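Heads up, the thing below is written out as structure tokens.
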Amino acid sequence: MQTTTKSFLLRLLSIFIITICLFVIIATKPSAKFQSGTIVHISKNTSIKEISNNLYKKDIIKSPLFFKISVFLTGGRSGVLAGDYLFHKPQNTIAIAYRMVNGVQGLNRIKITVPEGYTVHEVAYLLLKKIPNFNAPYFVKIAINEEGYLFPDTYYFLQNVTASEVLRTMRGNFDVKIKTLNKKIVDSGRPLSDIIKMASLLEEEARTDESKKIIAGILWKRLSLDMPLQVDATILYFTNREPRFVTFDDTKLDSPYNTYTNKGLPVGPISNPGLNSIISALEPLKTSYLYYLSDKKGEMHYADTFDGHKSNRIKYLN
Numbered sequence: 031m032q033t034t035t036k037s038f039l040l041r042l043l044s045i046f047i048i049t050i051c052l053f054v055i056i057a058t059k060p061s062a063k064f065q066s067g068t069i070v071h072i073s074k075n076t077s078i079k080e081i082s083n084n085l086y087k088k089d090i091i092k093s094p095l096f097f098k099i100s101v102f103l104t105g106g107r108s109g110v111l112a113g114d115y116l117f118h119k120p121q122n123t124i125a126i127a128y129r130m131v132n133g134v135q136g137l138n139r140i141k142i143t144v145p146e147g148y149t150v151h152e153v154a155y156l157l158l159k160k161i162p163n164f165n166a167p168y169f170v171k172i173a174i175n176e177e178g179y180l181f182p183d184t185y186y187f188l189q190n191v192t193a194s195e196v197l198r199t200m201r202g203n204f205d206v207k208i209k210t211l212n213k214k215i216v217d218s219g220r221p222l223s224d225i226i227k228m229a230s231l232l233e234e235e236a237r238t239d240e241s242k243k244i245i246a247g248i249l250w251k252r253l254s255l256d257m258p259l260q261v262d263a264t265i266l267y268f269t270n271r272e273p274r275f276v277t278f279d280d281t282k283l284d285s286p287y288n289t290y291t292n293k294g295l296p297v298g299p300i301s302n303p304g305l306n307s308i309i310s311a312l313e314p315l316k317t318s319y320l321y322y323l324s325d326k327k328g329e330m331h332y333a334d335t336f337d338g339h340k341s342n343r344i345k346y347l348n
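Counting in our numbering, the sequence shown tops out at residue 348, every number present.
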């Protein structure tokens with residue numbers, strides 16, 4: 031009789047253990063309603079209860095209770111790490127808990143190289159091409175006042191990066207890079223805003239470092255002589271046209287960026303210059319030149335006088 035009772039209890043215990051195991055297996059299996067590509071945002075200080083309920087509502091997990099248990103078992107006694115988590119394929123609850131406890135977000139970083147001389151609008155378009163869901167119009171809205179101060183470089187952005195994050199990253203990079211030139215900026219006696227405006231002109235007007243420094247010398251000299259800068263690139267900037275030769279009528283258009291009708295530097299930078307252009311603005315070459323032009327092949331030609339400049343135009347542009 032005693033043996034029979036013991037055998038019965040053992041069978042009952044076995045059934046109980048098997049039932050529990052089956053329940054755990056079923057509860058921790060991926061949800062049948064799982065949708066690939068789901069991104070779940072976890073804010074700082076979000077409770078495990080809120081997180082588990084959110085995952086359940088999004089069909090990432092089948093059981094909020096087992097997610098909480100899994101978080102505890104995978105070392106998340108203080109919770110999970112904040113961030114955005116991408117779910118490409120179904121995973122069991124334990125694997126999901128492990129990812130979130132260790133901050134394995136699953137988001138790919140996209141390599142984006144912003145060329146020197148790109149404007150805010152061009153940067154926005156580039157980002158939109160690389161990141162389909164990027165909010166380009168909002169980026170232009172919040173970044174337009176930072177034109178000139180978004181450092182052209184190679185960046186690695188998450189595929190769900192926001193416009194604000196891109197702006198903060200690019201402006202932060204500018205601040206870091208410009209620190210290396212602090213002494214040169216102070217020694218120049220010019221405000222940083224003027225240096226960046228000039229650098230943005232050089233970025234558009236010249237190809238080589240030498241020509242940038244020569245043109246910097248010419249443009250700074252024109253300013254000292256109270257001459258209009260007459261830089262074609264400023265016309266193209268406010269008319270938003272493709273690069274081409276500026277017409278006489280174009281030079282009469284009303285804009286604070288028009289360096290034909292207004293003396294001095296334009297009201298703001300016309301592009302986001304690279305470090306070499308900024309250095310060229312700080313290290314202009316002193317020459318006898320007062321005029322320059324770029325021929326159809328992009329080669330630079332200089333002149334001391336307006337008559338010499340007119341001769342260059344006839345020789346190299348006609």
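Backbone N, C-alpha and C fix where the C-beta goes; we use that ideal spot for every residue, glycine too. Computed from a predicted model, the values in this text were never measured in an experiment.
Per DSSP, the unbroken alpha helix (DSSP H) holding A127 starts and ends at 123-132.
About 7 Å separates the CB atoms of T123 and S93; that is less than 8 Å, so the two are in contact. The region 244-252 makes contact with the region 309-319, as at least three CB pairs between them are under 8 Å. Excluding sequence positions up to five before and after I225, its CB lies within less than 8 Å of the CB of I215, S218, I308, A311, L312, all in the same chain and listed in chain order. Relative to T184, the option among P145, P258, K159 whose CA is nearest is P145.
Nearest neighbour of F102 by Cα position, chosen from D114, L116, K79, S324, turns out to be K79.
Counted as a single uninterrupted DSSP element, the beta strand (DSSP E) harbouring K141 occupies residues 139-143. At the C-beta level, L111 and G133 come within 8 Å of one another.
Boundaries of the beta strand (DSSP E) harbouring I72: 68-72, taken from the DSSP string. Using a Cβ-Cβ distance cut-off of 8 Å, the region 331-343 and the region 258-267 are not in contact, since fewer than three pairs of beta carbons, one from each stretch, lie closer than that value. In the structure shown, the three-state DSSP call for T277 is coil. Counting only runs of 3 or more residues that sit fully inside the region 210-237, no beta strand (DSSP E) segment turns up. Shown here, G328 sits in coil according to DSSP, grouped into three states, outside any helix or strand. L255 counts as exposed, since fewer than 16 other C-beta atoms from the protein chains shown sit within 10 angstroms of its C-beta. Rounded to whole angstroms, the separation of the alpha carbons of N203 and N175 is 16 Å.
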